[in-house]
Amino acid sequence: MRIKQTGGNQSKSNNSKKELKIFKEIMTQFVLEEDPLLAMLKWMMEQLMQIESEMKVGAKRGNIIVIGKAISVDIVQGGLIQDLALYIFVSLRSHHCKQKMVPKIRKGGYIPFFITERKRSEQALIAMVKEAYVNGVSTRKIERLAKELGIENISASQVSQINKGLDEQVKEFRNRPLQKEYPFVWVDALYEKVRDYEGKVVSTAIMIAYGVNLEGKREILAIEPFINESVESWKNFFNKLQARGLQKIALLISDAHLGIQKAFKETFLSASWQRCKVHFMRNILAYVPHRAKEKFAAKLKTVWLQENKKDAQVIAQMIIEEFGKKFPEAIETLQNGLEDSLQFYHFPQIDKRRISSTNVLERINKEIRRRSKVVSIFPSRESYLRLIATYLMEYTEDWEIERSYIQPDKLQQVMEIYEVQLQKAA
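The numbering used here numbers the first residue of the sequence shown as 21 and each following residue consecutively.
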């Protein structure tokens, strides 16, 4: 018994030495890499993916088993997908990785657990790629992404299952109750190319409302697809906000679309409307010759940099007198829209850079476009709404744990002034 026990101990000891030797060799390889930590994490994730994929089909790498039809597990080595790298290697947060190794299952497809369980937007993006591929409306870009992800053999039922779960979350978010008061609300549109029900590629808008509540926290308030920007569409947009509980807005910031203005003024009485100064400047500069644009724009910009409304009006008048004959259409545009572009001055307690334009929302839209540019054409309106909504839901969740965007005491002052104006109007 003792001899057997000793032999067992020796066997275990030999195994331990062998494992230690292998471990040291692996560690040495990592140390020699340009980024050892990145290499270690990448290796670990590849091992986890391999184990998970083997468990899924019940076969080890390279083996073939028969379950109705032949299934095999291969390793697909491809170049880094520039934008999807953030999703495939979500923990790496780096674009320096030179290759990816995703196990490929010929039947049913495979998505690593660290993607499917991490973010809604990542699921939505992958589901959209699958949807386009499965429905046969994929572009070359979609086909390449599907193959590099190893999901070209995914079934329609699997796509439907993922989308169903996401759609429920999106619906809940879009219909959730809102607070009664949001002192400041920004509205802007996001346009993307989408394949419609007839198979045509059309430019489709999603209107986004972004607000700051009384705690100073930012929220995405509304995500609504628009067929057109008519007064009726905008009225429906604002009515939905009211139906969800929103009663008071001190200042709405948007571009100068007539539909927005009319619908907002009819829906939220006594609220102020700020014409986005950036959009307004673009409208004015459209009437200025290219050679004179830079010089004129530099002067025009100073109007909205003044400390108060009176000084801004003085500077604007100087520009009107200086350039009235030179650029008559530009100056006429300035005169007609000046007052609406200066409404932010009625809120001196708030940083004017934050409430004078829709830049804050445009930056979000720009980031969404950057993240979704891996797909040039959305396969359906539903996939477009699903992906954009999941991105915006994640922004809102991040803002909940961030510090206040605007100090609550200042927002309280804004609403107290608003109440006084409301009583006067009554």
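Ideal Cβ positions, reconstructed from N, Cα and C, are used throughout, including at glycine. Values in this document were obtained by computation on a predicted structure and should not be read as measured data.
Inset, instruction - Please go through the same chain and pick out, in chain order, the residues whose beta-carbon is closer than 6 Å to the beta-carbon of Arg113, but skip the five residues on each side of it. - result: Within the sequence shown, the letter at position 93 stands for residue 113. The predicted model places Arg113 with a pLDDT of 32, which falls under 50 and marks its position as unreliable, so this point remains unresolved.
Inset, instruction - Helix, strand or coil for Lys345, going by three-state DSSP, please let me know. - result: Locating residue 345 in the sequence shown gives position 325, where the first residue counts as 1. Coil, per DSSP.
Inset, instruction - Pick out whichever of Ser253, Ser290 and Arg264 has its Cα sitting closest to the Cα of Leu278. - result: Residue numbering aside, residue 278 sits at position 258 when the sequence shown is read from its first letter. Per the Cα distances, Ser253.
Inset, instruction - May I ask you to check if the CB of Leu61 is nearer than 6 Å to at least one heavy atom of the ligand ATP? - result: With respect to the ligand ATP, the structure offers nothing, as it holds no ligand at all.
Legend entry - the segment 332-339 / the segment 280-292 touching (three or more Cβ pairs under 8 Å): Note that the segment 332-339 does not touch the segment 280-292; fewer than 3 beta-carbon pairs, one per stretch, sit closer than 8 Å.
Inset, instruction - Determine, using beta carbons only, whether Gly231 and Val205 come nearer to each other than 7 Å. - result: Taking the first residue of the sequence shown as position 1, residue 231 is located at position 211. Taking the first residue of the sequence shown as position 1, residue 205 is located at position 185. Cβ distance < 7 Å, so Gly231 and Val205 count as in contact.
Legend entry - Cα-Cα separation between Asp360 and Trp293, rounded to whole angstroms: Here residue 360 refers to the residue found at position 340 of the sequence shown. Here residue 293 refers to the residue found at position 273 of the sequence shown. Pairing Asp360 with Trp293, the inter-Cα distance amounts to about 7 Å.
Inset, instruction - Look up Tyr211 in the DSSP assignment and give the residues it is bridged to. - result: Residue mapping note: residue 211 aligns to position 191 of the sequence shown, counting from 1. Ala225.
Inset, instruction - Go ahead and label Lys330 buried or exposed: buried means 16 or more other beta carbons lie within 10 angstroms of its beta carbon, across all protein chains shown. - result: Reading the sequence shown from its first residue, position 310 is the one you call residue 330. So Lys330 ends up on the exposed side.
Inset, instruction - Within the same chain, show all residues whose beta-carbon is closer than 7 Å to that of Gln355, passing over the 5 residues directly before and after it, in chain order. - result: On the sequence shown, residue 355 is found 335 positions in, with the first residue counted as 1. Non-local C-beta neighbours of Gln355 in its own chain, meaning closer than 7 Å and more than five positions away in sequence, comprise Ile340, ordered along the chain.
Inset, instruction - Taking all protein chains shown into account, decide if Met69 is buried (16 or more other Cβ within 10 angstroms of its Cβ) or exposed. - result: As a working note, residue 69 is residue 49 in the sequence shown. With 16 or more other Cβ atoms from the protein chains shown falling within 10 Å of its own Cβ, Met69 counts as buried.
Legend entry - Same chain only: Cβ atoms within 7 Å of Glu382, ignoring 5 sequence neighbours per side: Residue numbering aside, residue 382 sits at position 362 when the sequence shown is read from its first letter. So the list reads Asp208, once near-sequence residues are dropped.
Inset, instruction - Compare the beta carbon distance of Ile368 and Arg215 with 7 Å and say whether it is the shorter of the two. - result: If you number the sequence shown from 1, residue 368 lands on position 348. If you number the sequence shown from 1, residue 215 lands on position 195. As written in the sequence, residue 368 is Pro, which differs from the Ile given in the question. No.
Legend entry - His299 burial status per 10 Å Cβ neighbour count (16 or more: buried): Numbered from 1 along the sequence shown, position 279 holds the residue referred to as residue 299. Label assigned to His299: buried.
Legend entry - Distance between Met435 and Arg390 (C-alpha atoms, nearest Å): By one-based count along the sequence shown, residue 390 stands at place 370. By one-based count along the sequence shown, residue 435 stands at place 415. When rounded, the distance between both Cα atoms is 36 Å.
Inset, instruction - Pick out whichever of Lys268, Ala263 and Asn259 has its Cα sitting closest to the Cα of Ile280. - result: Within the sequence shown, residue 280 is the residue found at index 260, counting from 1. For the residues Lys268, Ala263 and Asn259, the minimum Cα distance to Ile280 belongs to Asn259.
Inset, instruction - Using only alpha-carbon positions, find the residue among Ile228, Glu218, Leu61 and Lys38 that is nearest to Val380. - result: Stepping through the sequence shown from its first residue, residue 380 is reached at position 360. Nearest option by C-alpha distance: Ile228.
Legend entry - Contacting residues, own chain, Cβ-Cβ under 7 Å from Gln427 (five flanking each side not counted): Here residue 427 refers to the residue found at position 407 of the sequence shown. Cβ neighbours of Gln427 beyond the five flanking positions: Gly236.
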